[in-house]
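Asker: Just so we're aligned, residue 7 is where the first sequence starts under this note's numbering, counting upward by one.
Every residue gets a Cβ at the ideal spot worked out from N, C-alpha and C, and that includes glycine.
Just so it is clear, the structure is predicted and the values come from calculations on it, not from any experiment.
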Amino acid sequence: MRELNDPDFGARFLVAENGSDVLSFIRLIKEGASTSGILAFDFETNALKEDRVNPLEDSILSCSFCFDDKVAYAFRLQSKNKWLYDDNVVNCIKEFYEWILNNKNIKKVIHNLKFDLKLVWRIVGKYPLVNDSSWEDTMIMAYLLDENNSVGLKRLASRYLNLDGFKYERMVLEVGKISNMSSLDWYIVSQYNCADSFMTYKLYYVLLDKMKADDLFDLYEKLCRPLLLLLLETEIIGFKLDIDYLKQKRMWYRDKLIELEREMSKIVGFNFNPRSVKQLRKVFESLSLSGKIDKFGKTGFSTDKNVLAKLSKQGDLVFVDKLLEFKKSQKISEFINGLLEKQRDGIISTNFLLNGTVTGRLSSREPNLQNLPRGAEVRRAFISRDGCKLVIADFEQIELRVASFYAKDKTMLDIFKSGGDIHSRTAIECFKLNCSEKEVKEKYPDLRVKAKGVNFGILYGLSPKSLAEYINVSIDDAKDYISRYFYLYTGIKDLIDKTRSSVIENEYVENIFGRKRRFLGLKNLVKSKGLNDEEVSSHLREAFNFLIQSTAVDICNLSIINVKKGVLENNLDAKLLVQVHDEQIWEVVNSGVERFCSILKSESEEVIGGFKTPIDLRICNSWGDKYAD
DNA sequence: CAGATCACGCACG
DNA sequence: AACGTACGTGATCGGA
Numbered sequence: 007m008r009e010l011n012d013p014d015f016g017a018r019f020l021v022a023e024n025g026s027d028v029l030s031f032i033r034l035i036k037e038g039a040s041t042s043g044i045l046a047f048d049f050e051t052n053a054l055k056e057d058r059v060n061p062l063e064d065s066i067l068s069c070s071f072c073f074d075d076k077v078a079y080a081f082r083l084q085s086k087n088k089w090l091y092d093d094n095v096v097n098c099i100k101e102f103y104e105w106i107l108n109n110k111n112i113k114k115v116i117h118n119l120k121f122d123l124k125l126v127w128r129i130v131g132k133y134p135l136v137n138d139s140s141w142e143d144t145m146i147m148a149y150l151l152d153e154n155n156s157v158g159l160k161r162l163a164s165r166y167l168n169l170d171g172f173k174y175e176r177m178v179l180e181v182g183k184i185s186n187m188s189s190l191d192w193y194i195v196s197q198y199n200c201a202d203s204f205m206t207y208k209l210y211y212v213l214l215d216k217m218k219a220d221d222l223f224d225l226y227e228k229l230c231r232p233l234l235l236l237l238l239e240t241e242i243i244g245f246k247l248d249i250d251y252l253k254q255k256r257m258w259y260r261d262k263l264i265e266l267e268r269e270m271s272k273i274v275g276f277n278f279n280p281r282s283v284k285q286l287r288k289v290f291e292s293l294s295l296s297g298k299i300d301k302f303g304k305t306g307f308s309t310d311k312n313v314l315a316k317l318s319k320q321g322d323l324v325f326v327d328k329l330l331e332f333k334k335s336q337k338i339s340e341f342i343n344g345l346l347e348k349q350r351d352g353i354i355s356t357n358f359l360l361n362g363t364v365t366g367r368l369s370s371r372e373p374n375l376q377n378l379p380r381g382a383e384v385r386r387a388f389i390s391r392d393g394c395k396l397v398i399a400d401f402e403q404i405e406l407r408v409a410s411f412y413a414k415d416k417t418m419l420d421i422f423k424s425g426g427d428i429h430s431r432t433a434i435e436c437f438k439l440n441c442s443e444k445e446v447k448e449k450y451p452d453l454r455v456k457a458k459g460v461n462f463g464i465l466y467g468l469s470p471k472s473l474a475e476y477i478n479v480s481i482d483d484a485k486d487y488i489s490r491y492f493y494l495y496t497g498i499k500d501l502i503d504k505t506r507s508s509v510i511e512n513e514y515v516e517n518i519f520g521r522k523r524r525f526l527g528l529k530n531l532v533k534s535k536g537l538n539d540e541e542v543s544s545h546l547r548e549a550f551n552f553l554i555q556s557t558a559v560d561i562c563n564l565s566i567i568n569v570k571k572g573v574l575e576n577n578l579d580a581k582l583l584v585q586v587h588d589e590q591i592w593e594v595v596n597s598g599v600e601r602f603c604s605i606l607k608s609e610s611e612e613v614i615g616g617f618k619t620p621i622d623l624r625i626c627n628s629w630g631d632k633y634a635d
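1) According to DSSP, what are the bridge partners of isoleucine 625?
2) Tell me the rounded alpha-carbon separation between asparagine 512 and glycine 520.
3) Spatial neighbours of lysine 120 within its chain, please: C-beta separation below 7 Å, excluding the five flanking residues on both sides.
4) Less than 8 Å separating the beta-carbons of leucine 1 and leucine 439?
5) Could you name the residues that DSSP lists as bridge partners for glutamate 516?
6) Would you grab the beta carbon distance between valine 21 and serine 164 for me? Rounded to a whole angstrom, and I think it's under 8 Å.
7) Going by other Cβ atoms of all chains shown within 10 Å of its Cβ, with 16 needed for buried, is cysteine 441 buried or exposed?
8) Where do the N-terminal and C-terminal ends of the alpha helix (DSSP H) with glutamine 320 fall, by residue?
9) Once you ignore the five residues that flank threonine 309 on each side, which residues in its own chain have a CB closer than 6 Å to its CB?
10) Roughly how many whole angstroms lie between the Cα atoms of glycine 131 and threonine 557?
11) Hey, could you find the ends of the beta strand (DSSP E) glutamine 585 is sitting in?
12) Between the C-alpha atoms of asparagine 111 and isoleucine 129, what's the straight-line distance to the nearest angstrom?
13) How should lysine 447 be labelled, buried or exposed, when 16 other C-beta atoms within 10 angstroms of its C-beta is the threshold for buried?
14) So, using beta-carbon positions, are isoleucine 116 and lysine 246 closer together than 8 Å?
15) Give the straight-line distance between the Cα atoms of glutamate 541 and serine 292, rounded to the nearest whole angstrom.
16) What is the residue span of the beta strand (DSSP E) that phenylalanine 358 lies within?
17) Tell me the DSSP secondary structure of valine 364 in three-state form.
18) Looking at phenylalanine 422: is its Cβ nearer than 8 Å to the Cβ of serine 410?
19) In angstroms with no decimal places, state the Cα-to-Cα distance between alanine 274 and serine 370.
20) Quick one: grab the DSSP three-state call for serine 140.
21) Of all the options Gly459, Lys76 and Ser608, which has the alpha carbon lying nearest to the alpha carbon of cysteine 436?
22) Output the distance between the C-alpha atoms of isoleucine 243 and glutamine 585, rounded to the nearest integer angstrom.
23) Contact check, serine 339 vs arginine 256 under 8 Å by CB: the rounded distance?
24) Based on Cα-Cα distance, which residue from Lys571, Leu564 and Ser480 lies nearest to leucine 368?
25) What are the boundary residues of the alpha helix (DSSP H) that includes tyrosine 268?
26) Can you name, in chain order, every residue of its own chain whose Cβ lies under 8 Å from the Cβ of glycine 171, other than the five neighbours on each side?
27) Run through DSSP, which three-state label would serine 185 get?
28) May I ask you to verify whether the region 569-582 touches the region 524-540, counting CB pairs closer than 8 Å and requiring at least 3?
29) Which residue from Trp127, Gly306 and Gly303 puts its Cα closest to that of proline 639?
30) For the ligand ATP, is there any heavy atom lying closer than 7 Å to the beta carbon of isoleucine 32?
31) What is the rounded straight-line gap between the Cα of cysteine 603 and the Cα of valine 136?
32) Can you give me the Cβ contacts of asparagine 517 inside the same chain, cut-off strictly under 7 Å, excluding the 5 residues immediately before and after it?
33) In terms of alpha-carbon separation, which member of Val326, Leu169, Ser42 and Met147 lies closest to leucine 213?
34) Can you tell me the Cα-Cα spacing of lysine 581 and tyrosine 174, whole angstroms?
35) Taking 8 Å as the limit between beta carbons, can you name the residues of its chain near leucine 263, skipping five residues before and five after?
36) Just verifying my parser: in three-state terms, what is the DSSP assignment at threonine 51?
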């Protein structure tokens, strides 16, 4: 055993040097954690740089533990995915992690919970479920307290604890000069590891107090923590892919892109790379098309698909259409290639971030499963495992419903209550249509689409100018439409005004679940620059949109948690595979599908008492089935 | 010459 | 610019 004390931290950092040290550490930690009721822990893996880390594959180098503010323990685990100890010690280590998993009387505190629990899963093959309240994530706690700043452990330590965790990072980098931890001096890594679990331990109490003071504890306990554990399962099990289909499509698109490239070169008269904006501009010039483009970026005129679509409308331009086709195929093939690269044994697993947005939405990374192209082309590859179905649920127009809920707008509430068509109703009012709601869809489908744009645009805080551009009318007409909209839905207008004045006064907005979006310094900004300043109005738009977007997504996520709890209570086998904001996909064993669907309905459609949020529910074999009409 | 960074474009709700 | 995201590609630039 070696002692690497840190006077700045005021703590002892103890490092095991052999198997018997490990065994005695385990005894001490069990004893200490049982007494204090809390255990912070942290793993180091072989990748130091955040963007290269993969907890399902990287080597698990070491772990550290801290159960009071005096001492932290660290011991090594593996090197190149091989255990460093004999079987007896390895078994004790595994048993120790099982003990941690099973002991619900001890609070386990981790910075970035899902990451470390994936490593635990690799070691013992188990993970905690949604209803286990003995796990805490300081990263998510910090995020709820301050969505505007970094939630990195070192930054938090300096912000909240006045500790310089960065010094260890500097030491590690100094010794290593590279980002691969496995080649580093072990004692430096251990010190670093100890510092992490020590800081996590200390941070927990500080953040807990702050959360309670800020009324965020409920949101954390009822939503964030269960969601973390639920998504842990989602990420561990992954989504099954039809690999043969994807490989076939990859080939098909490879040929198609080459062919399109050839055809375009022939028209233009020289070879060029259609993926390059710079080369594309030259091509446009040589075809005398550049003069018709009125959209510009920092480096020249735009060649994006909207520009191309405009050009295409002006005349019969084979080249432009081929380029549009090329861009679309190029994009799809990027998705296909990405999936094939990242899948393992036919399973694709994403990483959901709970702190990836300022609105409480999740984000999805490596790969992003929340932005797959609509339609069956790519989504057809996402299939259920043998003996299972996919149950796909979509909340219908949840953001507009949330707006009507806050606004208590009678007109809008009535439309939703009676199952009316909100877009048609808006179209009638804005465009002075003289027909019934039902007739709009048939008689004026294009106006209904525009009204849909208005409905969503209002939630984003759209201006007359942008509306004018969007639906191609004069700014005066757009102004007229907007005032008609607000005349029809008076409550929405009031809600927007109320939200604006309240965010200026308080410098934050808060939704019904207590989630906050903070705008520090807004009051002074308004004072010095006025309400029409671009920065100010952008904050005000964001504030209103936050209220709607955050509430909608909190409802969706709470429904997921309720459904999963119902699944466990009823002993069903159903696992969430992916969440795309207002869409959830579950994998359900055939025999339980019917019961599952009724649980899903009952747990989703009234998350807030008295406020209905209906869902559209489908039973599918693949994600693409949704689009097969 | 590998790697970081920017600009662009585009996929989703 | 009408809110919130992730990411692949090409071009460019400066340091090993």
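Answerer: According to the data block:
1) Isoleucine 625 is bridged by DSSP to Val397.
2) Asparagine 512 and glycine 520 have their alpha carbons spaced roughly 14 Å apart.
3) Leu234, Leu237, Leu238 and Glu241
4) Since the first residue shown for the chain is 7 and the last is 635, residue 1 is missing from the structure and cannot be characterised.
5) Lys522
6) With 8 Å as the limit, valine 21 and serine 164 do not qualify as a contact, their Cβ atoms being about 24 Å apart.
7) exposed
8) 311-320
9) Val283 and Leu286
10) 36 Å
11) It spans 580-586 - the beta strand (DSSP E) in which glutamine 585 sits, taken as one unbroken run.
12) 22 Å
13) exposed
14) no
15) 40 Å
16) For phenylalanine 358, the enclosing beta strand (DSSP E) begins and ends at 357-359.
17) coil
18) Closer than 8 Å, so yes.
19) Here the sequence assigns valine to residue 274, which means alanine is not the residue at that position. Distance between the alpha carbons of valine 274 and serine 370: 40 Å.
20) DSSP places serine 140 in the coil class of the three-state scheme, outside both helix and strand.
21) Gly459
22) Between isoleucine 243 and glutamine 585, the alpha-carbon positions lie close to 14 Å from each other.
23) 7 Å
24) Leu564
25) The sequence shown places arginine at residue 268, not tyrosine. 249-274 is the span of the alpha helix (DSSP H), which, as asked, contains arginine 268.
26) Leu159, Lys160, Ala163, Ser164, Ala201, Asp202 and Met205
27) Its pLDDT being 46, under 50, serine 185 is placed unreliably by the model, and the measurement read from it follows with that caveat. In this structure, serine 185 counts as coil in the three-state DSSP scheme.
28) no
29) What the structure shows of the chain is the stretch from 7 to 635, and residue 639 is not part of that stretch, so it cannot be assessed.
30) This structure lacks the ligand ATP; in fact it carries no ligand of any kind.
31) Cysteine 603 and valine 136 have their alpha carbons spaced roughly 19 Å apart.
32) Excluding residues up to 5 positions away in sequence, Leu553, Ser556, Thr557 and Asp560 lie with their Cβ nearer than 7 Å to the Cβ of asparagine 517 in the same chain.
33) Met147
34) 40 Å
35) Phe332, Ser335, Gln336 and Ser339
36) strand
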